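Residue numbers (the numbering used here): 1017 to 1529. Shown next, in structure tokens, is the structure this report addresses.
This is the structure we're talking about:
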């Protein structure tokens, strides 16, 4: 080096020294922060990927929090329903105690009625006060709302529905009518005519609830036979009407589980066109399935039929007059009227307009991650809805039905235990217990199979996303400490080299002597 104005070696050493210092500073920053990427310049592509993963982690964390909140929501509702269930069990016991008219004083019945009134008041109070975060849970506030409900829907329950931003019309297409089981007894006229006055006409009727034997002497009218059968409808599940000159036997309910069976014990040596008809009406000449009484060697049996069809294009499961469909977008159960299940064709049931408890259980806020849950009111006026016989009979010996609920068990109600219909009261109480049990079951299924599974799945997803983000963004301490050691040595070496390069121009002085 014979020039002193430009020290090239010094410039080179300065550049390398600066670069090594930058590398050392970067290693120290990564080791002190724990992140490999601290700014966009560290790794632009990695920064983009890691920021996206960070956003996804935040969304997953929020979804987990939502699911945990939903679980707490259900726990509170379940607590209230559990207490209602216990009260209904006690109510059932009080109704059973009041079923005996002998051996039970009027004061005891009134004491039982007082307890029933208090139980119903407590149920209403639980329904009105059970709340989560200031929101009532069991007063019907989280039930679905409908409009334009057809009269052919007797009762309905929407368990879940994804409505989006528009109302949803629920439409049923009935392709198979529901039928009662039924048989006809033709006695050859309106009065039983036996060959001798000592003979008897005896038969046994069986239905979905049980069986009963009947015996009649010559001269009995078909109206008296009808009334005798109807007196034991609660035992057999079979009711009777007079149709022309025949006695028609029908199951009280619709569906394939219902049946009517008739076995002739003694035909009374009846003569003429008498027997059991499986279908049709002998008065009009339709005698399909005719079997003479004398030829009945084993019970003649007829089965009912379930309603069949679709709801909004999805095949529903039918059970008598009850239909239900469960899909991702719609989960409902309803009961159609007799006219509704026997008329083949399309029925606009109602329009869903809103309601339900809505939870977003996914990282993205959209209808796919949204789940809804319908929670019906558990007040006394809503529980135990049951069709029962009206005390007033019609002209054909049958009892028109009315719909009763737990509300009717109160003092002065149709089903109070002091002077009301205790048998029907027990039916309503049984239905109320079933209502609460089914609601608790739905909530439990939602908690276990929807919320619980979602929390587990999101937890695994959060672990995997966190691992991916960590691999991209965080510092690998083993590799970085090795890089730190290398940078420290290079900085020291370049510092020494810079010192030597700066001293090189001093050699030019020797040329000046």
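Cβ coordinates follow ideal geometry from the N, Cα and C atoms, glycine included. Quantities reported herein were computed from a predicted structural model and do not represent experimental measurements.
Helix, strand or coil for residue i per DSSP?
i            : result
residue 1121 : coil
residue 1152 : strand
residue 1052 : coil
residue 1046 : helix
residue 1110 : helix
residue 1493 : helix
residue 1267 : strand
residue 1394 : coil
residue 1192 : strand
residue 1385 : coil
residue 1082 : helix
residue 1344 : coil
residue 1274 : coil
residue 1312 : coil
residue 1522 : helix
residue 1570 : One cannot answer for residue 1570 here, as it falls past the ends of the chain, which runs 1017 to 1529.
residue 1019 : coil
residue 1248 : coil
residue 1457 : helix
residue 1131 : helix
residue 1186 : strand
residue 1169 : strand
residue 1442 : helix
By Cβ distance, which residues of its chain are closer than 7 Å to residue i, with the 5 residues on each side in sequence left out?
i            : result
residue 1056 : 1063
residue 1219 : 1230, 1278, 1279, 1280 and 1281
residue 1430 : 1420, 1424, 1436 and 1437
residue 1072 : 1379 and 1481
residue 1291 : 1202, 1306, 1307, 1308 and 1309
residue 1180 : 1383
residue 1076 : 1379, 1474, 1477, 1478 and 1481
For residue i versus residue j, is the C-beta distance shorter than 7 Å?
i            : j            : result
residue 1318 : residue 1199 : yes
residue 1401 : residue 1421 : yes
residue 1114 : residue 1433 : yes
residue 1166 : residue 1368 : no
residue 1568 : residue 1505 : Since the first residue shown for the chain is 1017 and the last is 1529, residue 1568 is missing from the structure and cannot be characterised.
residue 1391 : residue 1104 : no
residue 1020 : residue 1494 : no
residue 1372 : residue 1160 : yes
residue 1324 : residue 1334 : yes
residue 1221 : residue 1252 : yes
residue 1026 : residue 1513 : no
residue 1093 : residue 1153 : yes
residue 1241 : residue 1263 : yes
residue 1353 : residue 1192 : no
residue 1600 : residue 1389 : Not covered by the structure: residue 1600. The range shown for the chain is 1017 to 1529.
residue 1496 : residue 1047 : yes
residue 1363 : residue 1484 : no
Expressed to the nearest angstrom, what Euclidean distance is found between the alpha-carbon atoms of residue i and residue j?
i            : j            : result
residue 1070 : residue 1377 : 19 Å
residue 1136 : residue 1234 : 52 Å
residue 1083 : residue 1375 : 8 Å
residue 1273 : residue 1382 : 42 Å
residue 1269 : residue 1339 : 14 Å
residue 1349 : residue 1257 : 31 Å
residue 1040 : residue 1499 : 8 Å
residue 1079 : residue 1486 : 21 Å
residue 1267 : residue 1149 : 49 Å
residue 1141 : residue 1343 : 34 Å
residue 1051 : residue 1060 : 14 Å
residue 1196 : residue 1439 : 23 Å
residue 1365 : residue 1286 : 50 Å
residue 1244 : residue 1151 : 54 Å
residue 1128 : residue 1106 : 11 Å
residue 978  : residue 1081 : Lying before the first or after the last residue shown, residue 978 is absent from the chain, which here runs from 1017 to 1529.
residue 1303 : residue 1315 : Reliability of the predicted coordinates at residue 1303 is poor, the pLDDT of 44 falling under 50, and the value obtained from them is presented with this limitation in mind. If I take the Cα positions, the gap works out to 18 Å.
residue 1358 : residue 1271 : 12 Å
Once the 5 residues before and after residue i are set aside, which same chain residues still bring their CB inside 8 Å of it?
i            : result
residue 1207 : 1235, 1236, 1237 and 1238
residue 1442 : 1108, 1111, 1112 and 1115
residue 1053 : 1059, 1062, 1063, 1066, 1488 and 1489
residue 1261 : 1202, 1203, 1204, 1205, 1206, 1238, 1298 and 1299
residue 1471 : 1080, 1083, 1084 and 1087
Starting from the Cα of residue i, find the closest Cα among the options and give me that residue.
i            : options                   : result
residue 1283 : 1260, 1294 and 1209       : 1209
residue 1403 : 1148, 1170 and 1308       : 1170
residue 1074 : 1326, 1460, 1290 and 1477 : 1477
residue 1246 : 1265, 1356 and 1024       : 1265
residue 1225 : 1460, 1255, 1508 and 1314 : 1255
residue 1216 : 1232, 1227, 1205 and 1037 : 1232
residue 1174 : 1510, 1455 and 1397       : 1455
Quick one: residues in its chain with C-beta nearer than 6 Å to the C-beta of residue i, no 5 flanking neighbours on either side, listed in chain order?
i            : result
residue 1163 : 1367 and 1369
residue 994  : This structure cannot settle anything about residue 994, because the visible part of the chain is limited to 1017 through 1529.
residue 1475 : none
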